[in-house]
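Participant: Chains as they are written, first to last, in this note's numbering: chain A, 271 to 607; chain B, 271 to 607; chain C, 13 to 337; chain D, 13 to 337.
Quick one: this structure, given as structure tokens, is what I'll be asking you about.
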Amino acid sequence: MSEGPAKLKKISIAQGLHMALDEAMAADENVIALGEDVGDEQGGGVFKITAGLSTKYGKHRIRATPISEQAIIGAAVGAAIAGLRPVAEIMLMNFVTVAMDQIVNHAAKLRFMSGGQTHVPLVIRTTTGVGVGFGGQHSDMLEAWFAHVPGLRVVMASNPADAYGLLASAIEDDDPVIMIENILSYGIQGPAPEPGYRVPLGKAAIAREGSDVTVIAYGKAVLDALAVAEQLAGEGVSVEVVDLRTIAPFDEATVLASVAKTGRAVIVHEAVKAYGTGAEISSRIHEELFDQLKAPVGRVGGSFSPVPFSKPLETAWIHSQEQVADAIRATLQRKGE
Amino acid sequence: MSEGPAKLKKISIAQGLHMALDEAMAADENVIALGEDVGDEQGGGVFKITAGLSTKYGKHRIRATPISEQAIIGAAVGAAIAGLRPVAEIMLMNFVTVAMDQIVNHAAKLRFMSGGQTHVPLVIRTTTGVGVGFGGQHSDMLEAWFAHVPGLRVVMASNPADAYGLLASAIEDDDPVIMIENILSYGIQGPAPEPGYRVPLGKAAIAREGSDVTVIAYGKAVLDALAVAEQLAGEGVSVEVVDLRTIAPFDEATVLASVAKTGRAVIVHEAVKAYGTGAEISSRIHEELFDQLKAPVGRVGGSFSPVPFSKPLETAWIHSQEQVADAIRATLQRKGE
Amino acid sequence: MSDEPDRDTLIEIYRRTVLINRTDERFRSLLMGGKLAIVYYPVRGQEVLSAAMMTALRPDDYLITTYRGVHDQLAKGLPSKLLWAECAGRVTGTCKGKGGPMHITHPETGVMVTTGVVGSGLPIANGLALASQNKGDGRVTVVCFGDGAANIGAFHEAMNMAQLWKLPVIFLCQNNLYGEHTAFAAHTATASIVDRAQGYGMKGVKTDGNDPVAMYRTARQAVDRARAGEGPTLIEAMTFRMLGHLFGADFSYVPAELTAKGIAEDPVPRFRQQLLDMQVPEADLVAIETKVETEIDEAVEFALASDFPDASEIGIDVYGVERAA
Amino acid sequence: MSDEPDRDTLIEIYRRTVLINRTDERFRSLLMGGKLAIVYYPVRGQEVLSAAMMTALRPDDYLITTYRGVHDQLAKGLPSKLLWAECAGRVTGTCKGKGGPMHITHPETGVMVTTGVVGSGLPIANGLALASQNKGDGRVTVVCFGDGAANIGAFHEAMNMAQLWKLPVIFLCQNNLYGEHTAFAAHTATASIVDRAQGYGMKGVKTDGNDPVAMYRTARQAVDRARAGEGPTLIEAMTFRMLGHLFGADFSYVPAELTAKGIAEDPVPRFRQQLLDMQVPEADLVAIETKVETEIDEAVEFALASDFPDASEIGIDVYGVERAA
Ligand SMILES: Cc1ncc(C[n+]2csc(CCOP(=O)(O)OP(=O)(O)O)c2C)c(N)n1
Ligand SMILES: Cc1ncc(C[n+]2csc(CCOP(=O)(O)OP(=O)(O)O)c2C)c(N)n1
Ligand SMILES: [Mg+2]
Ligand SMILES: [Mg+2]
């Protein structure tokens, strides 16, 4: 990470999320959290992100809900309009499918449809990820849907400091933000952020500088990109890694500047490749840098099928670091002009 | 249209849809239809597509439902697994937001998750469109969401014969198909299809042949493309128009062949441009034809905001034929190699 | 205070009833005359229940309603000028013309959300009430919806959550016997929507929404309960949608006898007669009616004379701050 | 036929109870021993209600269940080998290993859908029942779900539609007192899920799911009603989830006295004693228990000896015919 602190103390992504929520609730009594099992009477949440908070701030601010995602998001939207700053949790991302109306028709549109009279300072936290062995209905990455909806922002962190800084910024933001987490990333360790560290929404980070090719990624895929960059450095290839952090609307300035420099780009995400966020990023790069590009922008993403259960299939479904390396090499094989 | 009949008799898109449904129900007693107000006791549906059918085939086959979209799609999924061929209607496309779980987690995935033991021969008809004056919650084009979901097919017709032929093919298909209609297109007149005419799923049509640039569109946007093609012909520009008909998975062979020939492409759709289906099509073209392209692929789509109510704003929100013409000219201004 | 509306309260309810009734009438005449071209959902026949409900509220209480919401919005106090300008898509409207009739919003008078999606207002109402509960601001939230909306999932989830958290919210089901073109018995498997209240441990009351006294009493009691922290109430206010689902829409599917009965029991003239029977001088009623007509005349004139929003408004209010990139 | 289970029926219910009980036990021991590494949702404590319900069905009747569905699937007759192979992700499993424990499907034994999404099975069950109604095939559909699922929108929409159309479907709510980590009273605003039946004009029955006789009687009556075309039934079968939400999960949030009570009332030994009291020779029961253990031994061996699916399976079963392009 180019930004962020470099303290010696390390924390996990899960701890970073907990810290951000805890500090936000301490700083502003309008910050509340709601979701299934989030209270301490329920063991502090399935992934323990909210553990201890209902005891510390009260059950009126940490509200364990029934299994009613429409009511969860709807209540969060209403509370936000009335001046609270709700952090709503959808236990797993596939369950947003029962709450899309509240997110898309309401949270995203109320500011516009009211001509700016109301707005929805809402954060929706949700988690997912391929590799847990959950199978077809608990593993999807659906960020592309939200990216397509004006009025929403979508963020995803690749390290603990960013998890802390992104969630804090999302809670302070006056518009709805979808924060996607990855079950397999909760344990990832990294430097603890300085208190007050913020990751500005809409700003990408250069996770590694390079000159030959730009790899654009977010979330867990950033770690793959960094690993491959390290490996290819050995082959004499200099890879620049852009960590989007805000998936949408994405930081075009940073992405285009990097690709203008390298002339080559590969986008990596865990979501199904077809019609994924990589398509928009690829299109924008081609549209803006057509003459500078030495090769077509490459895309690496999930297979075109539901996520399979059987371990070998699940492993084959998601991108491998080899695939990322191959996509990079493919762009380098092009002569360019 | 290159394919399809050329009879003198003309019908509307609404009539084409009605004909296809009527004939399918006559031919196969397993075909049923369900949705809000679809019965004759309810006046035969808000847009009258099902008018007369409950009287003709019985209320057990044309089921007027409560306002319960999850139950509508869920019942259709279950009936499909058990051997029926349901045609479910979601009155307006924005209301799919309450039924996404049934469509995405179930209809799209059951064949795969059951290892092929069950499958879901389901058609979901829905309508929408910018220009009716419905405002932010009744006008959205959300096809990009479904295109991103393996297991689903998405189709949209630009003329009555295709409306008939696509719906008939969708009903006969063994997998879930989302058929998007446009309120403003129901009245569009065109040649009546021969009985039995079918539009194969996954096959695009060359709506107009040309040599300088390819315009890829679907639904109402095809008419804009054809009008602009006619206009530019006057300026000596030869525009080829590809009518996708199946939006996803789209007919890459036809699209790539056309662009390989013209070297230039513009994609037009009514949906919000950002992260829309045009991004995937554009990316695929760049990936496959990078060296042959004389200019970056252009995209024309809806503005990045909810659909506004006020007439002048609504009109400005959606693409104009001028914008399409300008996008085409922009690709022509490029020197290319 | 008493649950029974006193004479002044009834007169105030009548004023709101007339305002709704004449506004609805005016919308339809402008649409008929081609002076306005919008999708309009008539409220004819549902005037009294709204007027009585909102009269039982404080001005700062919250309201959430639907596409069929002109009666609720006006009864809550939303200024006619702003309503008309919004419906005409003018920049002087509540939402700068960007929302339109289906999304009328005016926080100053407590009109927080108008939704076009059936049932979606209920969960949002819980959120407004939750905010009031946490802040202790004593506000009550009323959410209006129809009989058809009681069959959608959001209704169910919202009812259970509201009771679980004892939220200060009132669920006002305006049962006008139809959901779009579908008759009540064809969409609901039970005789009354209130039959569902006990499944949530919630207080449910079925009342004649066309009777201003009964409706006010029911509303008053629900408001007092909510304000006292005793939790939500489901009110099923019986009424009749005297016109088509939307202006110009098919009405053939409604049995003639039902329409005839609806016209015979038209709540507006009935209410007027009731006041005359109470010895309210007709002159007072005429004065109210004249004042309302003037208010509407001015509002329509203001609206139609106003400018349309500039196209640049498309890029405004999407986010609070300009989006990155 | 009579609603009371005769001796042979009770013995058959016991056989299925033991099969479920030992299978659950075996899953946990293999997970504990690291021989299997999957997400597993224990059914310990809920054996009897499933065994009794499914014994009241015809083999060709339909079942829809959830992630916590091993008891329902086995009781419905799904072969142990196929279940184990699927849960181990092997190509010999019901779904070639592509679905896994959360998506067990086996139409041959009527196991039509296993869903991982809370509440989503209910609307789909209506569709199966609708197909039976239109075809007149006399099948009955049973859909299993939990107490927590009764608070999600899909439950509400499905209940109303099922009663409206008098569908041959049985809604079996397995009330095990917890939804994941949340206790019943913390997620539901009423004392019983059956309180909701009347809101749909539906027959609702609350029964002790851990009592084989009571459960069978309730199931039998619901099945007969459905088969006779008299419509759906909501059954609330009371039970207790004796273990964590999933294998290895936190259980600390469950009060000790509740756990103690659950163990004291463990339905499986109780049922065994009941049969002995009926003078069923213990040897018969031991024979059943031994046969079950052998069946499981063979199934586990078969599963673990089977191959994993080939990676090419990712591209198969996405569509029935290869997708265009
Ligand atoms: C989720 C959803 N489904 C369908 C519609 C289309 N629709 C608009 S109004 C309406 C009827 C609503 O009936 P009811 O709830 O009784 O309210 P009323 O119109 O009678 O006031 C329907 C089906 C919608 N707006 N939202
Ligand atoms: C729509 C949805 N929300 C949340 C979840 C996560 N989840 C899985 S099981 C469960 C608890 C369900 O409780 P209950 O319905 O009582 O069934 P039980 O697990 O007790 O058998 C939850 C919340 C889910 N699978 N689907
Ligand atoms: Mg109604
Ligand atoms: Mg439970």
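Think of the CB as a built atom: it goes at the ideal place given N, C-alpha and C, for glycine as much as any other residue.
At which residues does the beta strand (DSSP E) containing ARG423/A begin and terminate?
Facilitator: In the first sequence, residue 423/A corresponds to position 153, counting from 1. In the DSSP annotation of this structure, the continuous segment of the beta strand (DSSP E) that includes ARG423/A starts and ends at 423-426.
Participant: DSSP three-state label for LEU270/C, please.
Facilitator: Residue mapping note: residue 270/C aligns to position 258 of the third sequence, counting from 1. LEU270/C falls in the helix class under three-state DSSP.
Participant: Quick check: is any heavy atom of ligand 5 less than 7 angstroms from the C-beta of ASP159/C?
Facilitator: Among the ligands present in this structure, namely ligand 1, ligand 2, ligand 3 and ligand 4, ligand 5 is not found.
Participant: Can at least three beta-carbon pairs, one atom from the region 406-421 of chain A and one from the region 348-360 of chain A, be found at a separation below 8 angstroms?
Facilitator: The answer is no - the region 348-360 of chain A does not touch the region 406-421 of chain A, with fewer than three Cβ pairs under 8 angstroms.
Participant: In terms of residues, what are the limits of the beta strand (DSSP E) holding GLU98/D?
Facilitator: Numbered from its first residue, the fourth sequence carries residue 98/D at position 86. Where GLU98/D is concerned, there is no enclosing beta strand (DSSP E), although the alpha helix (DSSP H) it sits in stretches over 92-99.
Participant: Would the region 510-527 of chain A and the region 564-573 of chain B be scored as touching if the rule is three or more Cβ pairs under 8 angstroms?
Facilitator: no
Participant: By how many angstroms is the C-alpha of MET227/D removed from the C-alpha of ASP15/D?
Facilitator: Counting from one through the fourth sequence, the residue named residue 15/D turns up at place 3. Counting from one through the fourth sequence, the residue named residue 227/D turns up at place 215. The alpha-carbon separation between ASP15/D and MET227/D amounts to approximately 10 angstroms.
Participant: Return helix, strand or coil for GLN186/D, following the three-state DSSP convention.
Facilitator: As a working note, residue 186/D is residue 174 in the fourth sequence. Of the three classes helix, strand and coil, the one that applies to GLN186/D here is strand, per DSSP.
Participant: Examine the Cβ distances between the region 99-106 of chain D and the region 318-334 of chain D and report whether three or more of them are shorter than 8 angstroms.
Facilitator: yes
Participant: May I ask you to report which of helix, strand or coil DSSP gives LEU246/D?
Facilitator: Locating residue 246/D in the fourth sequence gives position 234, counting from the first residue. If DSSP states are grouped into helix, strand and coil, LEU246/D belongs with the strands.
Participant: Buried or exposed, going by whether 16 or more other CB atoms sit within 10 Å of the CB of PRO267/D?
Facilitator: Working through the fourth sequence from its first residue, we reach residue 267/D at position 255. PRO267/D should be labelled exposed.
Participant: Please state whether DSSP places SER282/A in a helix, a strand or coil.
Facilitator: Counting from one through the first sequence, the residue named residue 282/A turns up at place 12. Correct three-state label for SER282/A: strand.
Participant: Based on DSSP bridge pairs, tell me the residues matched to ILE476/A.
Facilitator: Start at 1 with the first residue of the first sequence, and residue 476/A comes out as number 206. VAL512/A, per the DSSP bridge assignment.
Participant: Counting only runs that start and end within the region 140-207 of chain C, where is the beta strand (DSSP E) found for 3 or more residues in a row?
Facilitator: 153-158, 181-187
Participant: Do VAL485/B and VAL538/B count as a contact pair if the criterion is CB distance below 8 angstroms?
Facilitator: Looking up residue 538/B in the second sequence gives position 268. Looking up residue 485/B in the second sequence gives position 215. It is a contact, given that the beta carbons lie within the stated cut-off.
Participant: Pick helix, strand or coil for LEU354/A, following the three-state DSSP scheme.
Facilitator: Translated into positions along the first sequence, residue 354/A becomes position 84. It is coil, neither helix nor strand.
Participant: Just checking, does the region 368-387 of chain B make contact with the region 85-95 of chain C on the three C-beta pairs under 8 angstroms criterion?
Facilitator: The count of Cβ pairs closer than 8 angstroms, one atom from the region 368-387 of chain B and one from the region 85-95 of chain C, stays below three, leaving the stretches out of contact.
Participant: Who are the Cβ neighbours of LYS47/D in its own chain at under 6 angstroms, not counting the five residues just before and after it?
Facilitator: Along the fourth sequence, one-based indexing puts residue 47/D at 35. Around LYS47/D: no qualifying Cβ.
Participant: Could you work out which residue in GLU306/A, SER553/A, VAL498/A, GLY315/A is closest to SER590/A when comparing CA atoms only?
Facilitator: Within the first sequence, residue 590/A is the residue found at index 320, counting from 1. The residue with the shortest Cα to Cα distance from SER590/A is VAL498/A.
Participant: Would you mind reading off the limits of the alpha helix (DSSP H) that contains GLU307/C?
Facilitator: Working through the third sequence from its first residue, we reach residue 307/C at position 295. From DSSP, the alpha helix (DSSP H) with GLU307/C extends over 294-317.
Participant: For the region 207-221 of chain D, which residues have a beta carbon sitting closer than 9 angstroms to at least one beta carbon of chain C?
Facilitator: ASP207, ARG208, ALA209, GLN210, GLY211, TYR212, GLY213, MET214: these are the residues of the region 207-221 of chain D whose beta carbon lies less than 9 angstroms from some beta carbon of chain C, given in chain order.
Participant: So is ASP596/B in contact with chain D if we call contact Cβ pairs under 8 angstroms?
Facilitator: Along the second sequence, read from residue 1 onward, the residue named residue 596/B stands at position 326. Taking Cβ atoms only, chain D never reaches closer than 8 angstroms to ASP596/B, which makes this a no.
Participant: Taking the C-alpha atoms as reference points, what is the distance between LEU559/A and ASP371/A?
Facilitator: The residue given as residue 559/A occupies position 289 in the first sequence. The residue given as residue 371/A occupies position 101 in the first sequence. If I take the Cα positions, the gap works out to 37 angstroms.
Participant: Determine the DSSP secondary structure at PRO461/B, reduced to helix, strand or coil.
Facilitator: Position 191 of the second sequence, counted from the first residue, corresponds to residue 461/B. Of the three classes helix, strand and coil, the one that applies to PRO461/B here is strand, per DSSP.
Participant: Taking the alpha-carbon of HIS193/C as reference, which of GLY305/B, LEU602/B, GLU299/B, GLU592/B has the nearest alpha-carbon?
Facilitator: The count along the third sequence starts at 1 and reaches residue 193/C at position 181. The residue with the shortest Cα to Cα distance from HIS193/C is GLY305/B.
Participant: What does ALA597/B pair with, by DSSP beta-bridge criteria?
Facilitator: In the second sequence, counting from the first residue as 1, residue 597/B sits at position 327. DSSP, once it has assigned bridges, lists no residue as partnering ALA597/B.
Participant: By the three-class DSSP mapping on this structure, what secondary structure does GLU277/D have?
Facilitator: The residue given as residue 277/D occupies position 265 in the fourth sequence. Coil.
Participant: With DSSP as the reference, please indicate the residues paired to TYR74/D in a beta bridge.
Facilitator: Reading the fourth sequence from its first residue, position 62 is the one you call residue 74/D. Answer is THR153/D, bridged to TYR74/D.
Participant: Could you please give the first and the last residue of the uninterrupted alpha helix (DSSP H) stretch that includes ARG554/B?
Facilitator: Position 284 of the second sequence holds residue 554/B. Looking at the DSSP string, the run of the alpha helix (DSSP H) that includes ARG554/B is 547-559.
Participant: Any C-beta of chain A sitting closer than 8 angstroms to the C-beta of GLU557/B?
Facilitator: For the purposes of this step, residue 557/B is taken as residue 287 along the second sequence, with counting starting at 1. Taking Cβ atoms only, chain A reaches closer than 8 angstroms to GLU557/B, which makes this a yes.
Participant: Flag this pair as touching only if the region 278-294 of chain D and the region 331-347 of chain A have three or more C-beta atom pairs under 8 angstroms; answer yes or no.
Facilitator: Too few Cβ pairs lie closer than 8 angstroms, so no.
Participant: Alpha carbon to alpha carbon, what distance is there between ASP561/B and ASN429/A?
Facilitator: Translated into the one-based positions of the first sequence, residue 429/A becomes position 159. Translated into the one-based positions of the second sequence, residue 561/B becomes position 291. Answer to the nearest angstrom: the Cα atoms are 38 angstroms apart.
Participant: According to DSSP, is LEU69/D helix, strand or coil?
Facilitator: What you label residue 69/D is simply residue 57 of the fourth sequence in a count that begins at 1. Residue state, collapsed to three classes: coil.
Participant: Could you confirm whether any beta carbon from chain C is found closer than 8 angstroms to the beta carbon of GLU273/B?
Facilitator: If you number the second sequence from 1, residue 273/B lands on position 3. For GLU273/B, the pLDDT reaches just 47, beneath the cut-off of 50, and the residue's location in the model is therefore unreliable, leaving the point undetermined.
Participant: Short check: CB of LEU602/A to CB of ASP444/A, under 8 angstroms?
Facilitator: The residue labelled residue 602/A in the question sits at position 332 within the first sequence. The residue labelled residue 444/A in the question sits at position 174 within the first sequence. For LEU602/A and ASP444/A, no; Cβs fall outside 8 angstroms.
Participant: Would ASP307/B count as contacting chain D if we go by Cβ distances under 8 angstroms?
Facilitator: Taking the second sequence and counting its residues from 1, the one referred to as residue 307/B is at position 37. Answer no: the Cβ-Cβ gap between ASP307/B and chain D never drops below 8 angstroms.
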